[in-house]
Each structure stands twice: as structure tokens, then as C-alpha cells.
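Shown next, in C-alpha cells, is the structure this report addresses.
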Amino acid sequence: MKKISLLGSTGSIGKQTLDVVRANPDRFQITSLAVQSNTKLLHAQINEFKPLCAVVSDRVAGEKFKTEYSGPCKILVGEEHLQDLAVSEQTDVLLTAVVGFTGLRPTLAGIKAGKTIALANKETLVAAGNLVMNLAKAHKVDILPVDSEHSAVLQSMQGQVHSWIKKIILTASGGPFRTRSSEDLQNVSIEECLKHPNWNMGRKITVDSASLANKGLEVIEARWLFDVDYADIEVVVHPQSIIHSMVEYVDGSVIAQLGLPDMKLPIQYALTYPERIAADFGRLDFLKHSNLTFEQPNTDKFLCLKLAYQAGMADGVMPCVFNAANEVAVEYCLDSRLRFVDIPVVIEHVLGKTTNIKDYTLEDIFAVDAQSRSIAKEYIENLSK
Ligand code: NDP
Ligand code: MG
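The numbers in this note's numbering rise by one with no breaks, and the one at position 2 of the sequence shown is 236.
In C-alpha cells, the structure reads:
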């Protein structure tokens, strides 16, 4: 029985993780859950999965929930307790499905405690990839991707040797604005940004997918997960989202993983790796998907992808800056206080205002993250004046 601590259980990945657990009660046990403030759904999840412990990060929602809940599950209030779940003896696998930089501290704590990390929270690797991977190496901990592209790459690398890899090819759906002109994008509404053609995801990642910042974050994530140079990571737009990513080898062979777009598959693979188990997810019928197409991403229209490569290649704290600026810009965009097309403008501004630190410490990362957020906020507030 694998004991799972699930951070972000009420979100898109969290709920689908619980679907996988529900379908395999003899294999997986949920020992703890964590949410920001959705205590209504958390309550239902506690009743169904009977975890020993649950964290509510938002203090007001958490204190209120504590007075309402009277069952055996221990309720902890405050974000600092995410780390308690990460290091608990009752955790074998820490599945990190919170959004954003918040995931970094509990992930580091989990690694130090020797827990397997099933990583959905890509922002953690973007902000501090070198540090996270070195720590994982030192503690002999596996970091298993939940992100579908990286799961596809991992699956395409089974039985291969690292030195045989020529390049990684990440596929991208292109998002809802793939065929729209740059002029057309000037005044798109947040509702339009949130209409993803193939995937139903949380709000932040859906905006990231529309701007291609998500693909930029994934390029940086791939660099750290698979130890490849940025020059050897290519992005190809594949609007049907059937090929989830590929690896080209030195002999010219390309190995890919295919399937219907359903996050339950990569979630389950991260939980069973290196094994596979049966599942009743939809099956791919090639005759119904006879038109698989590929395009080059338009990085003039989707500047975030170009900026992510630049930040990644600059290395040091620049990916952390990229991530923080993007998180702030998306937050404002979700509130309709920043135009969608200004997201890369904000990121470029904050990158330009930051002096890089090549050999960073964890303290540097927290300081740079905070500084980037405040530069981004000030810039956006001035934009709207
Ligand atoms: P959602 O917005 O749907 O869910 C986020 C979850 O995290 C919610 O349960 C939320 O709780 C919880 N949460 C947020 N902040 C905190 C906090 N401080 N403490 C505890 N819990 C918190 O996001 P997604 O599921 O879409 O994405 C999660 C992560 O997975 C992101 O990093 C994303 O990039 C990545 N990912 C997502 C994919 C997808 O298909 N959705 C695909 C690949 C990667 P509450 O409900 O109370 O707010
Ligand atoms: Mg992805």
C-alpha cells in the first residue's frame, strides 16, 4: 500500500489524483490532504478518503473549519504545516499539486525526508531547479513528473541510456489563441483566455497555456528533470494533443508517448512508476485521430516562450524571476487588471531589472522571488495609471 500525501487536493490535478486512488483502493491510501481554502470539498474528501491529517493554509477558512469539523482527522491551519505532511512517517509519496512558488518549501522538506516526489507543481523546479535536483540526488529521491509532457519523456526514455539522447521534443497544443493574429490578441478577455481547446485545468495554468508561458516553464522543468541543455529541448505545436512529447536519439529514432488528453494517465504513472497498472481511461483510436499535425511555435506572437528560454539560458536566479513575474502578471490578468498581451511585457521588465546570481542559495531564491513580485506589482500598478 502506497501512502500518499496530496497537496492541493481540491484542484484540477488533486481531484484527478483522487479519481486514480478511488479506482485503486488496494494500492493507494491517502494519508493527508492540503488545500488553500475550499473546506467544503475538503470535508467531503476527508469523509471519503479518511486521511489522518489535513492542512488548510488559509487561516480564516481553516479556523472556521476547525470549529465545524468533529471527526478523527487532525486539522492543521496555516501554510507552514504543508511541510509537516511532507516529512510525516505516514507519507511514502508526496504529490505536489499546489499552484506556484508555494510548492517549493514542502517539496524540499519532502526530499530531505527521503520521500518520493510526484511533481505536478512545475513552478518549484523552475524557481530552484539546480538546488532541488542536487538535493534529490544527495537524498537518492526520485522526482517523478506528473506534467503530461514530462511523463511522456520519462516513458520514452525507459530502457535507454542518457548519452544516447539527441534532443527532447515537447509538444504544445498552442492554446486557444494559436490561430489568432497578434492584433486580435490586443484586447482578448479573460474568459477567452480560460477556454482551452483540449485540457480542463486550473485557472493559472490555463492562462499560462494561452500565453505559452506554460511551455516555457515546461522547457525549464525538462532541463532539470532530464539534465539536458536548452539547445537540445525543442517545442513543437501539435494542436491535437495526442502525442504528449518525444525523445530523439543519436541514431535518428524518435520515441514518443501517445494517448488521449487525460491527466489521470500521467498521474497514475507517477504513482506506479516504474510499473504500469491497468486503467479504464479512454483508448486512443487512430482511425478517429488520423490528422496529427505539427507547427513551429510563433515566439513573436507568444513572447513568453522566448523569454523563458532566455531566462533558462541565463541560468542562476533568472528562471525564478521569470516565474515570479509571470505569477503576478497572471494574477492581475485573472482579475482583468492587466491585459493578456501585457503578461510578457511585465516579465521582460522584471527580468531587465534583476541582477543575476549564478550560484544561488535557497535564501537568494526567496529574496529574489519576493523582489521580483514587488517589481512586477509596482510596474503593473503604474501601467494602469
Ligand atoms: P488548481 O488551481 O486547479 O488547484 C490548486 C490546488 O492547490 C487547490 O486544491 C488549492 O486549494 C490548492 N492550493 C493553492 N495554494 C495553496 C496553499 N498555499 N496551500 C495549500 N493548498 C493550496 O491548479 P491545478 O490543479 O491546475 O495545478 C496544480 C499544479 O499542477 C500547478 O503547478 C500546475 O502548473 C500543475 N499542472 C497542472 C495540470 C492540469 O491539468 N491542471 C497539468 C500539468 C501540471 P483551494 O481549492 O482551497 O484553493
Ligand atoms: Mg504540461
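Beta carbons are placed, not taken as given, at the ideal position from N, Cα and C, and that holds for glycine.
- With respect to the C-alpha of Glu509, the residue from Arg261, Leu241, Leu252, Arg256 having the closest C-alpha is Arg261.
- Shortest gap from the CB of Arg437 to any heavy atom of the ligand NDP: under 8 Å.
- In chain order, Lys535 place their CB closer than 6 Å to the CB of Ser416, counting only its own chain and leaving out the 5 sequence neighbours on each side.
- By the criterion of a C-beta distance shorter than 7 Å, Met547 is surrounded in its chain by Tyr464, once the five residues flanking it on both sides are discounted.
- In this chain, the alpha helix (DSSP H) harbouring Ala278 covers 273 to 283.
- When the five nearest sequence neighbours on each side are left out, the beta carbons in the same chain lying within less than 7 Å of the beta carbon of Thr533 are those of Leu539, Lys540, in order along the chain.
- DSSP places Val555 in the helix class (H, G or I) of the three-state scheme.
- By the rule of a C-beta closer than 7 Å to any heavy atom of the ligand MG, the residues picked out are Asp381, Ser382, Glu383, Asn448, Glu452.
- Sequence-distant Cβ neighbours of Val422 in its own chain, meaning closer than 6 Å and more than five residues away, are Phe574.
- Here DSSP, grouped into helix, strand and coil, assigns Gln491 to strand.
- Here the segment 332 to 343 lies against the segment 239 to 246, with 3 or more beta-carbon pairs under 8 Å apart.
- In this model, Leu319 and Lys371 are separated by some 21 Å (Cα to Cα).
- For Tyr613, the enclosing alpha helix (DSSP H) stretches over residues 596 to 617.
- Annotation: Leu286 is outside any alpha helix (DSSP H) and is labelled neither H nor E by DSSP.
- Set against 8 Å, the gap from the CB of Glu282 to the closest heavy atom of the ligand NDP is not smaller.
- Contact between Val387 and Asn557 is absent: CB atoms are separated by about 21 Å, not below the 8 Å threshold.
- For Val289, the distance from the CB to the nearest heavy atom of the ligand NDP is below 8 Å.
- A residue is called buried when at least 16 other Cβ atoms come within 10 angstroms of its Cβ; Asp569 does not meet this threshold and is exposed.
- Annotation for Trp433 indicates a beta carbon within 8 Å of some heavy atom of the ligand NDP.
- By the 16-neighbour rule on beta-carbons within 10 angstroms, His583 is buried.
- With 16 or more neighbouring CB atoms inside 10 Å of its own CB, His472 falls in the buried class.
- Each residue's CA atom was taken as its position, placing Phe283 and Ile264 some 6 Å apart.
- Contact between Phe528 and Val453 does not hold, since their C-beta atoms are separated by about 17 Å, which reaches or exceeds 8 Å.
- At a Cβ-Cβ threshold of 9 Å, Pro500 and Ser385 count as neighbours.
- Where Glu482 is concerned, the enclosing beta strand (DSSP E) starts and stops at 477 to 483.
- The three-state reading of DSSP puts Ile591 in coil, since its state is none of H, G, I, E or B.
- For Pro259, the three-state secondary structure derived from DSSP is coil.
- Assigned with DSSP and collapsed to three states, Pro431 falls in coil, not helix or strand.
- Per DSSP, Glu297 is one residue of the alpha helix (DSSP H) stretching across 293 to 302.
- Scanning the segment 338 to 375 for uninterrupted alpha helix (DSSP H) segments of 4 residues or longer gives 338 to 346, 356 to 372, listed from N- to C-terminal end.
- By the neighbour-count criterion, in which 16 or more other beta carbons inside 10 Å mark a residue as buried, Thr440 falls on the buried side.
- Judged by DSSP in its simplified three-state form, Ser397 adopts helix.
- The DSSP-derived three-state label of Ser322 is coil.
- Excluding sequence positions up to five before and after Pro285, its CB lies within less than 7 Å of the CB of Ile264, Thr265, Ser266, Leu267, Cys307, all in the same chain and listed in chain order.
- Selection Val564, Thr588, Leu585, Gly586 evaluated against Ile577 yields Val564 as nearest (Cα-Cα).
- A Cβ-Cβ contact shorter than 9 Å links His277 with Glu302.
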